[in-house]
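J.: Sharing a structure below in structure tokens format, with a few things to ask.
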Amino acid sequence: MLQPNEWFTEIVEDEGSAFSLRVTSKLHEEQTPYQLIEVYATAGFGNLMVIDGFVMLTSRENFLYHEMMSHPALFTHTDPRRVCIIGGGDCGTLREVLRHPGVESVVQIDIDEGVTRAAECFFPELTAANRDPRARLLFADGIRWVQEAAPGSLDLIIVDSTDPVGPAVGLFSGDFYRDCERALAPGGILVQQSESPLYHMHILTQMHVEMRRAGFADTRSLFFPQAVYPSGWMTATMARNGGSLDQFRVEDVRAKPFETQYYNAEIHHAALAQPEFFRRALAQALAA
């Protein structure tokens, strides 16, 4: 067990790298039926949530991830009203989605209630919108929920999951993407966290392949910094049920009735830019 003034370290053995934060105290530990949840206070990043030894979020930088998992897709869709979040138990993405006044309903399905309860205690700023009347929180199997969703019943599906291990493996499968494509109305968008382009290109390219095989007309990855995740560089991958993902509602972004800490129209444009190594790897994967 870590003691005060020791370091929490997440080691990425395959890449020979690690990320560390100085811990001042341990605030919470809970073994749920699904995973081990730990929360620490840190010297520089506020509270830190760790699941099965992997960093999930900190108080200091989580806005990067939550804003990029929500606003680009919401502003790319022409009129997103019905939103589903798979995972997202810390509720930060839910909070960002509910900032959009045009959104009429959001259902969040996370298999582990323990994550949400820990967030309520130690990250209350993320759960502040949980009582919004447009929100419904379910603690169930998100894969099964999407399987049973009525065809065309959703405008946007956000997959805010952990890495593709354990309960999250099925969220990176072709079967799941086909169920999402069926549940989305024409023009609907799926967006999913898609790991680091430096460390996980095999996951990224396979996602594009499987999403297109599932029937999505276009796929695009968004690139953004994420200080506490392996390599410090993160992506979210969008897939559209008809139509292109290159354009978004620029003027609506500039006139948005809420504040963001990272996302704006220029960031959206920049996040769509594709590094050359990614272009080559994706072109090879799609041609195979």
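Using this note's numbering, you'd call the opening residue of the sequence shown number 375 and step up by one each time. C-beta atoms are modelled at their ideal positions from N, C-alpha and C, and glycine is treated no differently.
1. Exposed or buried, what is Phe550 when buried is set at 16 or more other beta-carbons lying within 10 Å of its beta-carbon?
2. Looking at C-alpha atoms only, which residue of Arg505, Arg594, His445, Val397 is the closest neighbour of Ala657?
3. At the level of alpha carbons, what is the spacing between Asp426 and Gly418?
4. Quick check on the DSSP output: the beta strand (DSSP E) that includes Cys458 runs from which residue to which?
5. With Leu472 and Asp515 assumed to form a contact (beta carbons below 8 Å), what rounded beta-carbon distance in angstroms separates them?
6. In terms of DSSP beta bridges, what is Arg415 paired with?
7. Are the CB atoms of Ile563 and Leu596 nearer to each other than 8 Å?
8. Please classify Thr416: is it buried, with 16 or more other beta-carbons within 10 angstroms of its beta-carbon, or exposed?
9. Which ranges does the beta strand (DSSP E) cover as unbroken runs of at least 3 residues, wholly within the stretch 583 to 632, from first to last along the chain?
10. Taking only runs that begin and end inside the stretch 468 to 520, name each unbroken alpha helix (DSSP H) of 4 or more residues, in chain order.
11. Around the Cβ of Phe651, are there at least 16 other Cβ atoms within 10 angstroms (buried) or fewer (exposed)?
12. Is it a yes or a no for the stretch 477 to 486 touching the stretch 509 to 524, going by three-plus beta-carbon pairs under 8 Å?
13. Check whether the Cβ atoms of Ser535 and Ile460 sit closer than 8 Å, and answer yes or no.
14. Within 10 Å of its beta-carbon, does Arg654 have 16 or more other beta-carbons around it, so buried, or fewer, so exposed?
15. State the Cα-Cα distance for the pair Glu403 and Asp620, rounded to the nearest angstrom.
16. Around the C-beta of Arg587, are 16 or more other C-beta atoms found within 10 angstroms, so that it is buried, or is it exposed?
17. Between the Cα of Asn615 and those of Pro599, Thr398, Gly561, Gly463, spot the shortest distance and give me the residue it belongs to.
18. If you draw a straight line from the alpha carbon of Gly488 to that of Tyr573, how long is it in whole angstroms?
19. Leaving out the 5 sequence neighbours to the left and right, which residues in its chain are closer than 8 Å to Ala647 when beta-carbon positions are compared?
20. Consult DSSP for Ala655 and reduce its assignment to one of helix, strand or coil.
21. Look at the alpha carbon of Ala524 and the alpha carbon of Leu500, and state the distance between them as a whole number of angstroms.
22. What is the residue span of the alpha helix (DSSP H) that Pro446 lies within?
23. So Gly548 is in the alpha helix (DSSP H); what residue range does that whole segment cover?
24. CB-CB under 6 Å to Glu494, same chain, minus the five flanking residues each way: which ones, in chain order?
T.: On the basis of the supplied data:
1. Taking the sequence shown and counting its residues from 1, the one referred to as residue 550 is at position 176. Result: buried.
2. Position 283 of the sequence shown, counted from the start, is the residue given in the question as residue 657. Comparing Cα positions, the closest option is Arg594.
3. Looking up residue 426 in the sequence shown gives position 52. Looking up residue 418 in the sequence shown gives position 44. Distance between the alpha carbons of Asp426 and Gly418 is about 22 Å.
4. On the sequence shown, residue 458 is found 84 positions in, with the first residue counted as 1. Segment 456 to 461, the beta strand (DSSP E) holding Cys458.
5. The residue given as residue 472 occupies position 98 in the sequence shown. The residue given as residue 515 occupies position 141 in the sequence shown. 23 Å between Cβ atoms; not a contact.
6. Sequence index remark: in the sequence shown, residue 415 carries index 41 (1-based). With the sequence shown as reference, residue 415 is identified as Ala, and Arg is not the correct amino acid for it. Partner(s): Ser399, Asn421.
7. Taking the first residue of the sequence shown as position 1, residue 563 is located at position 189. Taking the first residue of the sequence shown as position 1, residue 596 is located at position 222. Cβ distance not < 8 Å, so Ile563 and Leu596 don't count as in contact.
8. As a working mapping, residue 416 is identified with position 42 in the sequence shown. Thr416 should be labelled buried.
9. 592 to 599, 607 to 614
10. 487 to 496
11. Start at 1 with the first residue of the sequence shown, and residue 651 comes out as number 277. Flag for Phe651 reads exposed.
12. yes
13. Numbered from 1 along the sequence shown, position 161 holds the residue referred to as residue 535. Numbered from 1 along the sequence shown, position 86 holds the residue referred to as residue 460. Cβ atoms of Ser535 and Ile460: closer than 8 Å.
14. Position 280 of the sequence shown, counted from the start, is the residue given in the question as residue 654. So Arg654 ends up on the exposed side.
15. Mapped onto the sequence shown, residue 403 falls at position 29. Mapped onto the sequence shown, residue 620 falls at position 246. Using only the alpha carbons, I get a separation of about 43 Å.
16. One-based indexing of the sequence shown puts residue 587 at position 213. The residue is exposed, with fewer than 16 neighbouring Cβ atoms inside 10 Å.
17. In the sequence shown, counting from the first residue as 1, residue 615 sits at position 241. Answer by Cα proximity: Gly561.
18. What you label residue 488 is simply residue 114 of the sequence shown in a count that begins at 1. What you label residue 573 is simply residue 199 of the sequence shown in a count that begins at 1. Whole-angstrom Cα-Cα distance: 29 Å.
19. In the sequence shown, counting from the first residue as 1, residue 647 sits at position 273. Contacts found: Phe597.
20. Indexing the sequence shown from 1 puts residue 655 at position 281. Under the three-state reduction of DSSP, Ala655 is assigned to helix.
21. In the sequence shown, the residue the question calls residue 524 occupies position 150. In the sequence shown, the residue the question calls residue 500 occupies position 126. The alpha-carbon atoms of Ala524 and Leu500 are separated by roughly 29 Å.
22. On the sequence shown, residue 446 is found 72 positions in, with the first residue counted as 1. Here the alpha helix (DSSP H) through Pro446 covers 436 to 450.
23. Locating residue 548 in the sequence shown gives position 174, counting from the first residue. Where Gly548 is concerned, the enclosing alpha helix (DSSP H) stretches over 548 to 557.
24. Sequence index remark: in the sequence shown, residue 494 carries index 120 (1-based). The residues are Thr501.
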